[in-house]
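**Student:** Chains as they are written, first to last, in the numbering used here: chain A, -14 to 459; chain H, -14 to 459. Ideal placement from N, C-alpha and C gives every residue a C-beta, glycine not left out. Take a look at this one; I'll ask things after.
There are 2 protein chains.
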Amino acid sequence: MNTLLDTLRHIVGAAHVFTDGDLSAFTRDWRKRAHGKALAVVRPANAEEVAAIVKACAGHQPATGVSIVAQGGNTGLAVGSVPDGSGTQIVLSLTRMNAVRAIDNANLTMTVEAGCILQNLQETAEEAGFLFPLSLAAEGSCTIGGNLGTNAGGTQVVRYGNTRDLCLGLEVVTAQGEIWHGLSGLRKDNTGYDLRNLFIGSEGTLGIITAATMKLYPLPAAQLTAWATVPSMEAAVTLLGLAHRHLGAGLTGFEVMGQFALSLVDRHFAQLRVPLFQSAPYCVLLEISDHESEAHARGLFERLLELAMEDGCVSDAVVAESLNQARQLWHIRESIPLAQAEEGLNIKHDISIPVSRIPDFVAETDALLQHQIPGVRLVNFGHLGDGNLHYNVQAPEEGDAATFLREQEDRVNALVFDAVTRFHGSISAEHGVGSLKIDKLPHYKSPVALGMMRAIKQALDPHNLMNPGRVVRP
Amino acid sequence: MNTLLDTLRHIVGAAHVFTDGDLSAFTRDWRKRAHGKALAVVRPANAEEVAAIVKACAGHQPATGVSIVAQGGNTGLAVGSVPDGSGTQIVLSLTRMNAVRAIDNANLTMTVEAGCILQNLQETAEEAGFLFPLSLAAEGSCTIGGNLGTNAGGTQVVRYGNTRDLCLGLEVVTAQGEIWHGLSGLRKDNTGYDLRNLFIGSEGTLGIITAATMKLYPLPAAQLTAWATVPSMEAAVTLLGLAHRHLGAGLTGFEVMGQFALSLVDRHFAQLRVPLFQSAPYCVLLEISDHESEAHARGLFERLLELAMEDGCVSDAVVAESLNQARQLWHIRESIPLAQAEEGLNIKHDISIPVSRIPDFVAETDALLQHQIPGVRLVNFGHLGDGNLHYNVQAPEEGDAATFLREQEDRVNALVFDAVTRFHGSISAEHGVGSLKIDKLPHYKSPVALGMMRAIKQALDPHNLMNPGRVVRP
């Protein structure tokens, strides 16, 4: 092991290899579900150093069983970026690789290193007069490399897609320690298999993304936010259809929030002044982005909401009067997880269902859970525009929440995931597999698909050097 | 062989196995560059039959060397869907599998079988009140399976992306004859490697796509088309930037056409009345799709063109007064390849370059070709919005075109592809690799990427049963 550590120190400089002290920022996951142990935390400065690290580890692997866990901001929710407890894993932290290498105005692209923090990229793009639309709760500390590794979703997917859809090219260090210079800024390239999308979402199990060329969009002239109460989940789906038809690509956000979820925000963050939530089972947050003007956007919103009220799918609505008010509405939506945490322990889900099936899924699964697990409280909210719900389960008000989770978490998960499967949904919409769900996949994913995943893992990383125990076992 | 043919007849019925007569519709490619020989043409009715065919062929492969070429409308431009001359290949024609299995209005999806003709899908979607935006010259006879297999591009990519971007899920028969039921209608699913995008664009070399779930969009309220003259390619790129900024996602088409390309249309199809082309080196066709009204779209266009004229990037412009006039403008653009054929033999290219580099690429490559190959005539047109040019080379007016092609085609290709590579472009933007470019890839693609492609091919199709000799050699 000492030989390997010496080699790693030689590659990146001794100052960038951590083996002592409190390494918990690198070895403990965001939600504090896993506390691992690293052989070392290594912080390379460029792709060449990453390649040298991979080659060094591959060379030592037969004797030491060493393997590599790539890590960005370590904000993942599926326990995919921290080492296991073996003490034989290298945490390859990419946060020193944080340069924006280029912005190409006419090509609408930005080439960035994996360790760039998402919010910095949003700001860099805006300073150059562009929008980089990826946006999610952890944006202040997550990195674009982690976003790509997990194909992160977020709040703008209804218009701009997931991280995958925002990426045109990658620089990747393979499991053999070779550098694939695939930083294409091309919107069309049909010269072979889609390696880019294979690495995106592979959670560091096939290779290490060191840089990417990402799409930029023109900055909209105005953004407006509305908040509407809807009498049912069916009505929310109807409203979504109306919004698609009347706003087209102007619809950039469509979030649904259940009454109980909002009541938790109201209870724990009363200063946020949750509007209208007491009068309806669900509220919807809509966002419009407009290339003409705020007045034009407001006109579109007013017409849409008028139609929706005539139709009956909206019972009441407010349109934010200012950017500040719009931010407050988003802030309410984003405070639901925090309010849940204030309320106590809970079981989180990140599921997707075809939009058309969501009302039935929710009705059926709500009833099933309430029947089977008395007192359970359902915190349902999410990105309805993408069919993605954070269908969370809060422990009953009475009794000890920790005991509830210990006794009921597996049962709740099984109930929810079985229902998701009946409705042709996914048990991980935007958070990935990590180690949290790796052993669930064989139950919920096609064996044919899993067989192909194993064959690909074996083909690209035959010695299981890259983030073993995540996504798929060879 | 007879045993295999008997088995195939047993699987699909004798009426759907062709071995005699004129099979040239299945064995000759669209551009008549390759005339192959099929052991049989087999026309399955469903995925189960496809799976049985694959298993039968796999079982006979060791003795007979048989392999499978999947085929849709056989309109591909890279010689990827016809058999080679060995007489040992089965053409698996998917045209009987042409059902639209489902349209999901609220989920904005359509589940269709691989053999559906693209234009039928456009019409089916429109009848249901939706837009299926994939659109390309061969739409009257190409199939969605072929579009997916080659990741076809077309005229709407600037807004809606390539075929890949329109697909949410696939049903695939693997090289082992298993069916992967991956017909997801989900916009978010992070449960493992992106198998969907691996099969899309793999040209039938990894498995056979038998059905797909495709995205639908709300029908726009209005579409308008404008035709503008621009003083240079730089000006065309500037106009593109202005159009992005002022139209946002309303910009659904942006085509550039060189003066000589348009002069060929004028010469051979004078009745089309090409507007304004004599006064500028390039014309641009712009299309806007609007969710409000034609009047609103017209206002946007007028403002954009006014700004562009003030800027100097547009010298003259007309906006179509009617849908009919809009169609005529598109028809001119789409007649360029036919006018080229009327003019005589030519060398076609399908390249992409980052948009920002296109002016320099064109200036440099025009000069290079004209200097090295006197008399050469450049027919430059394409989807500038995507950085995709059909940078074609017409034989000199004097002399025999066939002789020119025989003597100069390789040299012209090398000059163009080397220039593309210097400008970080792709030698196949939207047509694929097929057998036409398989031996070019080792010169123009990263060896690391090619190595990964080979490893994946070997992993998923270890016996090279699927369309051997296309895309990548194992």
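Would you say N309(H) faces chain A, with C-beta separation under 8 Å as the test?
**Tutor:** Contacts with chain A at 8 Å (Cβ-Cβ) do not include N309(H).
**Student:** Tell me, please, whether the segment 207 to 214 of chain A touches the segment 267 to 276 of chain A by the rule of three or more beta-carbon pairs shorter than 8 Å.
**Tutor:** Cβ pair count under 8 Å is three or more, so yes.
**Student:** Under 7 Å Cβ to Cβ from P381(H), same chain only, skipping five residues before and after it: list those, please.
**Tutor:** G360, V361, R362 and F389
**Student:** Using Cβ-Cβ distances below 8 Å, what residues of the segment 186 to 199 of chain H are close to chain A?
**Tutor:** Listed by position along the chain: G186, S187 and L191.
**Student:** Roughly how many whole angstroms lie between the Cα atoms of H416(H) and H334(H)?
**Tutor:** Their backbone Cα atoms lie some 9 Å apart in a straight line.
**Student:** Can you give me the C-alpha to C-alpha distance between C127(A) and I102(A), rounded to a whole angstrom?
**Tutor:** 6 Å
**Student:** With a cut-off of 8 Å, does the C-beta of M95(A) fall near any C-beta of chain H?
**Tutor:** no
**Student:** Taking only beta carbons into account, state which residues of the segment 407 to 432 of chain H come closer than 8 Å to chain A, listed in chain order.
**Tutor:** So the close ones are H409, G410, S411, I412, S413, A414, E415, H416, G417, V418, K422, L426, Y429, K430 and S431.
**Student:** Pull up the distance between the alpha-carbon of G367(A) and that of V397(A), whole angstroms please.
**Tutor:** 19 Å
**Student:** Taking C-alpha atoms, which residue in P459(H), N449(H), R458(H) and V456(H) lies nearest to V51(H)?
**Tutor:** N449(H)
**Student:** Evaluate the contact criterion for the segment 16 to 30 of chain H versus the segment -7 to 0 of chain H: three or more CB pairs, one atom per stretch, below 8 Å.
**Tutor:** yes
**Student:** Would you grab the beta carbon distance between L369(H) and L261(H) for me? Rounded to a whole angstrom, and I think it's under 8 Å.
**Tutor:** Wrong, their Cβ atoms sit about 17 Å apart, outside the cutoff.
**Student:** One question on the structure: do G154(H) and R181(H) come within less than 8 Å of each other, judged by their Cβ atoms?
**Tutor:** Less than 8 Å divides the Cβ of G154(H) from the Cβ of R181(H).
**Student:** Which bits of chain H does V142(A) rub up against, with CB to CB less than 9 Å?
**Tutor:** R172 and K173
**Student:** If distances are taken between C-alpha atoms only, which option among H253(H), F254(H), G233(H) and M218(H) comes closest to E240(H)?
**Tutor:** Cα-wise, what sits closest to E240(H) is M218(H).
**Student:** Based on the DSSP secondary-structure assignment, which residues constitute the bridge partners of Q379(A)?
**Tutor:** Secondary-structure assignment with DSSP links Q379(A) through a beta bridge to N331(A) and R362(A).
**Student:** Does chain A have any CB closer than 8 Å to the CB of L514(H)?
**Tutor:** Given a span of -14 to 459 for chain H in the structure shown, any question on residue 514(H) remains unanswerable.
**Student:** Output yes or no for whether 8 Å exceeds the beta carbon distance between P339(H) and G170(A).
**Tutor:** yes
**Student:** Would you kindly work out how many angstroms separate the C-alpha atoms of V64(H) and A326(A), rounded to a whole number?
**Tutor:** Per the coordinates, the alpha-carbon of V64(H) lies some 59 Å from the alpha-carbon of A326(A).
**Student:** Counting only the same chain and skipping the five closest in sequence on each side, list residues whose C-beta sits under 6 Å from that of A55(A).
**Tutor:** L77, G189 and I193
**Student:** Go to F239(H), then tell me how far its beta strand (DSSP E) extends in each direction, as first and last residue.
**Tutor:** L236 to G243
**Student:** Using a 10 Å radius around the Cβ and a threshold of 16 neighbouring Cβ atoms, would you call P322(A) buried or exposed?
**Tutor:** That one is buried.
**Student:** From the DSSP output, in three-state form, read off H281(H) for me.
**Tutor:** helix
**Student:** Would you mind working out which of P216(H), T148(H) and I164(H) sits nearest I185(H), comparing C-alpha positions?
**Tutor:** T148(H)
**Student:** When burial is assigned at 16 or more other CB atoms within 10 Å of the CB, is T350(H) buried or exposed?
**Tutor:** buried
**Student:** Whose C-alpha, out of A110(A), L227(A), W15(A) and F402(A), is nearest the C-alpha of E287(A)?
**Tutor:** L227(A)
**Student:** Within 10 Å of its beta-carbon, does H276(H) have 16 or more other beta-carbons around it, so buried, or fewer, so exposed?
**Tutor:** buried
**Student:** Just checking: is the beta-carbon of E163(A) within a distance shorter than 8 Å of some beta-carbon in chain H?
**Tutor:** yes
**Student:** List, in order along the chain, the chain H residues whose C-beta lies closer than 8 Å to that of H166(A)?
**Tutor:** Residues of chain H passing the Cβ test: S431 and V433.
**Student:** Could you give the distance in angstroms between the alpha-carbon of A434(H) and the alpha-carbon of G57(H)?
**Tutor:** 28 Å
**Student:** Run the CB neighbour count on E34(H), radius 10 Å, all protein chains shown included, and call it buried at 16 or more, exposed below.
**Tutor:** Around the beta carbon of E34(H), 16 or more other beta carbons lie within 10 angstroms, which makes this residue buried.
**Student:** Going by alpha carbons, who is nearest to Q46(H) out of L(-11)(H), F117(H) and I336(H)?
**Tutor:** L(-11)(H)
**Student:** Taking C-beta to C-beta, are V456(H) and V405(H) nearer than 8 Å?
**Tutor:** In this structure, V405(H) does not lie closer than 8 Å to V456(H) by Cβ.
**Student:** If I follow the unbroken beta strand (DSSP E) through Q74(A), where does it start and stop?
**Tutor:** Counted as a single uninterrupted DSSP element, the beta strand (DSSP E) harbouring Q74(A) occupies residues Q74 to S78.
**Student:** Measure the C-alpha to C-alpha separation of L249(H) and V364(H) and round it to an integer number of angstroms.
**Tutor:** 9 Å
**Student:** Just verifying my parser: in three-state terms, what is the DSSP assignment at N182(A)?
**Tutor:** helix
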